[in-house]
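Residue numbers (the working numbering): 226 to 723. Cβ atoms here follow ideal geometry from the backbone N, Cα and C, with glycine treated the same way.
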Amino acid sequence: MSLESLLPVSILLSSLLPGVFIFLVKEESHILRGVLNMAGALIKLLLVGVMIWGVYRGEVYETRLTLAPGLDLVLAADALSVLFVTLSTVLWLVTTIYAIGYLEHSPNRSRFFGFFSLCVSATVGIALAGNLLSFVIFYEILTLATYPLVAHRGTPDATRGAKIYLAYTMSGGVLLLVGAIWLQAITGPVDFTQGGYLGVLSEGLHGPLVAVFLLLLAGLGVKAAIVPLHGWLPQSMVAPAPVSALLHAVAVVKAGAFGILRVVYDVYGVGLADQLGLLTLLGILASTTIIYGSIRALSQDGLKKRLAYSTVSQVSYIALGASILGPIATIGGMVHLVHQGIMKITLFFCAGNYAETLGVHNVSQMDGVGRRMPLTTLAFSVGALGMIGIPPIAGFVTKWYLGLGAVEADAHWVLLVLAASSLLNAAYFLPILYRAWFRPEPDSWPKESLPQGRFETMGALLWPPLITAALCLIAGLFAAAPFSPLEWAELIARREYL
226 MSLESLLPVS ILLSSLLPGV FIFLVKEESH ILRGVLNMAG ALIKLLLVGV MIWGVYRGEV
286 YETRLTLAPG LDLVLAADAL SVLFVTLSTV LWLVTTIYAI GYLEHSPNRS RFFGFFSLCV
346 SATVGIALAG NLLSFVIFYE ILTLATYPLV AHRGTPDATR GAKIYLAYTM SGGVLLLVGA
406 IWLQAITGPV DFTQGGYLGV LSEGLHGPLV AVFLLLLAGL GVKAAIVPLH GWLPQSMVAP
466 APVSALLHAV AVVKAGAFGI LRVVYDVYGV GLADQLGLLT LLGILASTTI IYGSIRALSQ
526 DGLKKRLAYS TVSQVSYIAL GASILGPIAT IGGMVHLVHQ GIMKITLFFC AGNYAETLGV
586 HNVSQMDGVG RRMPLTTLAF SVGALGMIGI PPIAGFVTKW YLGLGAVEAD AHWVLLVLAA
646 SSLLNAAYFL PILYRAWFRP EPDSWPKESL PQGRFETMGA LLWPPLITAA LCLIAGLFAA
706 APFSPLEWAE LIARREYL
């Protein structure tokens, strides 16, 4: 086999094989488990770097396995898949470091990190899926691999949250599977093709294609937390902080949003989707979700629940970008796949630090926390201000391009959605920052754990949010740099609109 056919499967195996071995590692073997985790993450990062360079130069990477006549499992790389797989790989490395520190004294760590690696492997499979069948297979594997992570603590709340998560996502998976089977019955095997696989079809098929799109959108909309299919996400916040970060920034929610991009651009194509009136429907659902999630976030005292409803709102910027016909809005939606990930993972890392170090779980407990944990709160501030859209942080770039795309497409109502969303973002984030920086510290914290060393918390918990907060600033300040998320999103848009 050539490098072009080996590289996609090698990237998948770089996390799958360590995950399988980690299940066999004894609970007390901290070093071996850590070595397997970090080795897999670093090897994956190296292999993805090779793929980035090759795809940029026009190389074709594909691994194809025939399961049955007309049913092929395909792993392939294009510009869009590379964007998602790079995000997953970089954030997996950072989250692995964080999780090792976070779970240092917890039971069942081999089980946790085994499923953690399987979850990332499924996400990589989703990113590299070359056809709709492969996407559905890895999409369902992701559901099953994530369930034990949500239920990891084993408490009644964790078990209940995991059952709700499984009920929602399995139901969505059934709808996605039905839609995929129906579409393959109409057209034959559905390969992801830049510009759209379906192309120009006879008008007699328009009715079935609309129905199939609705099924696919409902199936993907569950994981993407589109209203009214979002109910599982706030309930899953009972999971440990590394799992919350994984759900919101790396894997589950992003898998749904990425799937919507695949269906709009590489299955239907924006031209056909617009002709069928599907972009209007997607825009309405995305806008409703953006406003609803922000309004619900306002009333949440639990910090992780407030962040969860913020995710419901923020991820739909990706779908909103896909719903606006034109390359500029496409760039805004594509780049937000990365920008939301690095901002939101920063916020969840910080929330985990507050909980583990001080026992702080609620917004009402955060008075003066910036004085006790200044570096963590600085990172939280960067993520929060980026979500609002304050320049020069990454979130501003997203909203700027979505706004320009709306003007280009003469969809001025989108500007109202963006403005309302930004005001609501400010309304639920700025009070947190005010409490943290400007109110006095309490006499005692709910459950303070004094770290060893000179930092405010252990290094494995402190460095990951500082690194991702720095990425938020770099992605905004150097947005026009070669190989930046924005530059890569522009490459995707050029290829999709050729």
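May I ask you to list the residues that DSSP assigns as paired with Ala-301? Glu-287
Minimum C-alpha distance to Ala-470 - residue among Gln-525, Thr-371, Phe-246 and Leu-242: Thr-371
Helix, strand or coil at Leu-501 [DSSP, three-state]: coil
I'd like to know if the segment 270-283 and the segment 302-309 are in contact, where contact means that at least 3 CB-CB pairs between them fall below 8 Å. yes
Return the bridge partner residues of Asp-416 from the DSSP annotation. Asn-356
6 Å Cβ shell around Glu-365 - same chain, five flanking residues per side excluded: Gly-398
Mind checking Pro-599: buried by the 16 CB within 10 Å criterion, or exposed? exposed
Among residues of its own chain, excluding the 5 on either side of Pro-667, which ones have a beta-carbon nearer than 7 Å to its beta-carbon? When the five nearest sequence neighbours on each side are left out, the beta carbons in the same chain lying within less than 7 Å of the beta carbon of Pro-667 are those of Asp-592 and Gly-593, in order along the chain.
Euclidean distance between Cα positions of Gly-701 and Ala-619: 4 Å
Rounded to whole angstroms, what's the CA-CA distance from Leu-242 to Arg-487? Just pull it up for me. 27 Å
Same chain, Cβ closer than 6 Å to Gln-539, neighbours up to 5 away in sequence not counted: Gln-565
Pick helix, strand or coil for Ala-470, following the three-state DSSP scheme. helix
For Thr-412, which of Val-492, Cys-344 and Ile-699 has the nearest alpha-carbon? Val-492
Considering only the alpha carbon of each residue, which of Met-683, Ala-347 and Pro-552 lies closest to Val-361? Ala-347
Going by the CB atoms, is the gap between Gln-460 and Tyr-390 shorter than 8 Å? Contact: yes.
Beta-carbon separation of Thr-536 and His-637 under 8 Å? no
Nearest-angstrom Cα separation, counted from Ala-661 out to Tyr-323: Our two residues, Tyr-323 and Ala-661, have alpha carbons roughly 23 Å apart in a direct line.
Boundaries (first-last residue) of the alpha helix (DSSP H) holding Leu-328: Neither: Leu-328 is in no alpha helix (DSSP H) and is coded neither H nor E.
In the DSSP assignment, what are the bridge partners of Ala-293? Leu-296
By the three-class DSSP mapping on this structure, what secondary structure does Asn-333 have? coil
Distance between Phe-340 and Ser-724 (C-alpha atoms, nearest Å): Outside the shown range of the chain (226 to 723) lies residue 724, about which nothing can therefore be said.
To which residues does DSSP link Asn-724 through a beta bridge? The question about residue 724 has no answer here: the residues shown for the chain are numbered 226 through 723.
How should Thr-291 be labelled, buried or exposed, when 16 other C-beta atoms within 10 angstroms of its C-beta is the threshold for buried? exposed
With a threshold of 8 Å on Cβ separation, who are the neighbours of Ile-516 within its own chain once the five nearest residues in sequence on each side are excluded? Sequence-distant partners of Ile-516 (beyond 5 residues in either direction) whose C-beta falls short of 8 Å from its own C-beta, in its chain, are Ser-538, Val-642, Ala-645, Ser-646 and Leu-649.
Would DSSP call Ala-476 helix, strand or coil? coil
On the three-pair Cβ rule with 8 Å, is the segment 433-448 touching the segment 519-529? no
Which residues bound the alpha helix (DSSP H) around Val-435? 431-448
Determine the DSSP secondary structure at Ser-254, reduced to helix, strand or coil. coil
Just reading off the alpha helix (DSSP H) that Glu-724 is part of, what are its end residues? The shown model of the chain, from 226 to 723, leaves out residue 724, and the question about it has no answer.
If you draw a straight line from the alpha carbon of Ala-705 to that of Gly-421, how long is it in whole angstroms? 28 Å
With burial defined as no fewer than 16 other Cβ atoms inside 10 Å of the residue's Cβ, what is the status of Val-349: buried or exposed? buried
If I'm right that Thr-693 touches Thr-571 with Cβ under 8 Å, what's the distance once you round it to whole angstroms? Contact annotation, Thr-693 with Thr-571: C-beta distance approximately 4 Å; criterion of less than 8 Å satisfied.
Helix, strand or coil: which one does DSSP assign to His-561? The answer is helix: DSSP assigns His-561 an H, G or I state.
Comparing alpha-carbon positions, which option in Ile-325, Asn-333, Val-234 and Ser-240 lies nearest Val-299? Val-234
Within the same chain, show all residues whose beta-carbon is closer than 7 Å to that of Phe-654, passing over the 5 residues directly before and after it, in chain order. Ala-609, Met-612 and Ile-613
Taking the alpha carbon of Tyr-327 as the reference point, which residue from Glu-581, Val-585, Asn-262 and Ala-264 has its own alpha carbon closest? Glu-581
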